[in-house]
Amino acid sequence: MTHPAPTGWSRLTAKLPRTNSRSVRGLALASLISQIMIVVTGGAVRLTASGLGCPEWPRCTATSIVNTPEMGIHGVIEFGNRLLTFVLTAIAIAMVVSLWNLRKERKDLFRLAIALAAGIPAQAILGGITVLTQLNPWVVGWHFIVSMVLIVLATVLVNRARITTAQAATSAAPLGSRLLRQILTAAAVLTAITVFLGVIVTGSGPHAGDAGAARNNLDPDLMTRIHAAPVYLLVLTVAVALVLVYRESAASRLRTSVVILAAVVLAQGALGYLQHFLHLPVVLVALHMLGASVLTAAMANSVYLAASRQERATLESDDHGVASEPAGFRDDR
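In the working numbering, the protein residues as written are 1425 to 1757.
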């Protein structure tokens, strides 16, 4: 009996990981880093007034796909930001392909990878709409918010990629206490409100992305004060969470995540005040945008760890010597 000759796809899938390998975890981490980096480069576009460096979309100009020398540095910056989308796309495709053999056993990973892959072209289209609407501040704001959502998904993907298939199928008690989970959920809601209000503040401020771009006509000082209100509550809530993880002797991984979260919240708050009182210097505004991305990831990480029913199984495996490699670098065997 003869067997059909293997196709190109079957030969490819035969070489793909059949376990939750280091390559899968590496691609998950690359997804998160690249999602944060495109926020930074997008911020550079806005802060250098290069938002209309490529005045058309999907082409850069009506007659050219790429920027031309006549467009100067603004064209280089805007087109460079557009090129980064292809890097994100390549990482997303590689992630989906690498999980192909695990699509049934690890539906959680595969679905997250698909969601991230789908989010990239959606973001590209939304970015195109911002150009076609001459940098409408509300469209620009939603462009940023979608990036935050993708960062949350990428953060969850990194965490889920760390646990083995066997551990993913377990359902132990959550790693965090009920009170801690409630506090962190409240902190996550406050973070979302803070980021949303920060977007509105940005839409009322001077860094529009182009000298001729419209603003949202709201009072910047008033919106800044409104933006600061949930920040105070966020600092207080995270401080309570920090006390709880030590008082309850929470697992070291969860405790570390909350410590990092607290540090990021304080740093981001300090940056916000500093940039306001120094009249929004470009460097501080850029750092504040990076901080928003890191804050979103840190918050998602803490909420995930506290609520996860699989992380406890991971820690128990570590305690009993099942895994000989450090967390995040184990093979799923």
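All residues carry an ideal CB built from backbone N, CA and C; glycine is no exception.
| query | result |
| --- | --- |
| With burial defined as no fewer than 16 other Cβ atoms inside 10 Å of the residue's Cβ, what is the status of Ser1748: buried or exposed? | Because the pLDDT of Ser1748 is 34, which lies under 50, any placement of that residue in the model is unreliable, and the number read from its coordinates should be weighed accordingly. Counting Cβ neighbours within 10 Å, Ser1748 comes out exposed, since fewer than 16 surround it. |
| What residues in its chain sit with their C-beta under 6 Å from that of Asp1743, if we drop five residues either side in the sequence? | For Asp1743, the predicted model reports a pLDDT of 46, less than 50, meaning its position is unreliable; a value from the coordinates is still stated below. Hits under 6 Å: none found. |
| Under three-state DSSP, which class holds Leu1621? | helix |
| Between Phe1503 and Val1469, what straight-line distance do the alpha-carbon atoms span, to the nearest angstrom? | 9 Å |
| How many angstroms separate the CA atom of Glu1672 from the CA atom of Phe1510? | 45 Å |
| Round the Cβ separation of Ile1515 and Ser1455 to the nearest angstrom and send it over; I've been treating them as touching at under 8 Å. | 6 Å |
| To the nearest angstrom, how far is the alpha carbon of Ala1730 from that of Arg1677? | 10 Å |
| Relative to the alpha-carbon of Arg1605, which residue among Val1718, Val1576, Arg1584, Val1664 has its alpha-carbon at the smallest distance? | Val1664 |
| Closer than 8 Å is the cut-off here; do at least three beta carbon pairs connect the segment 1477-1488 with the segment 1571-1589? | no |
| If distances are taken between C-alpha atoms only, which option among Val1683, Ala1612, Pro1630, Pro1545 comes closest to Pro1654? | Ala1612 |
| Classify Leu1704 as helix, strand or coil using the three-state DSSP reduction. | coil |
| Measure the C-alpha to C-alpha separation of Lys1531 and Gly1466 and round it to an integer number of angstroms. | 32 Å |
| Under 9 Å, Cβ to Cβ, is there at least one residue of chain C near Leu1507? | Within the model displayed, chain C is absent; a lone protein chain is all it includes. |
| To the nearest angstrom, how far is the alpha carbon of Phe1753 from that of Tyr1728? | Only weak support exists for where Phe1753 lies, its pLDDT of 34 falling under 50; the value from the coordinates is given anyway. Cα to Cα, the separation comes out at about 19 Å. |
| Can you tell me whether Asn1641 is buried or exposed? The criterion is at least 16 other CB atoms within 10 Å of its CB, across all chains shown. | exposed |
| So, at 7 Å on beta carbons, what are the nonlocal neighbours of Pro1598 in its own chain, with the 5 sequence-adjacent residues on each side left out? | Arg1605, Ala1730, Ala1731, Ser1732, Arg1733 |
| If you check the beta carbons only, do Gln1547 and Leu1574 fall under 9 Å apart? | yes |
| Identify which residue in Val1718, Val1707, Leu1440 has its Cα closest to the Cα of Val1521. | Leu1440 |
| Is Pro1561 closer than 9 Å to Arg1639 when the C-beta atoms are compared? | yes |
| Within its chain, find whatever has a CB closer than 7 Å to the CB of Val1448; leave out the 5 residues flanking it on each side and keep chain order. | Pro1441, Ser1522, Leu1523, Ala1585 |
| So, helix, strand or coil for Leu1690, using DSSP? | helix |
| Are Ser1726 and Val1463 closer than 9 Å when you measure CB to CB? | no |
| Quick one: Cα of Phe1701 to Cα of Leu1708, how far? | 11 Å |
| Going along the chain, which residues of its own chain have a beta-carbon closer than 8 Å to the beta-carbon of Met1425, five neighbours each way excluded? | Unreliable positioning characterises Met1425 in this predicted model, as indicated by a pLDDT of 48, which lies under 50. The coordinate reading is nonetheless provided below. Cβ neighbours of Met1425 beyond the five flanking positions: none. |
| Compare the Cα-Cα distances from Met1572 to each of Thr1615, Thr1594, Thr1554 and report the closest residue. | Thr1615 |
| By the 10 Å Cβ neighbour count, where 16 or more other Cβ atoms means buried, how is Ala1721 classified, buried or exposed? | buried |
| State the DSSP-derived secondary structure class of Arg1586, mapped to helix, strand or coil. | helix |
| Just tell me which of Met1713, Val1659, Leu1559, Thr1437 has its CA closest to the CA of Leu1695. | Met1713 |
| What are the boundary residues of the alpha helix (DSSP H) that Gln1459 is part of? | 1446-1471 |
| Assign His1703 to one of two classes, buried (16 or more other C-beta atoms within 10 Å of its C-beta) or exposed (fewer than that). | exposed |
| Output the boundary residues of the alpha helix (DSSP H) element that contains Met1647. | 1644-1671 |
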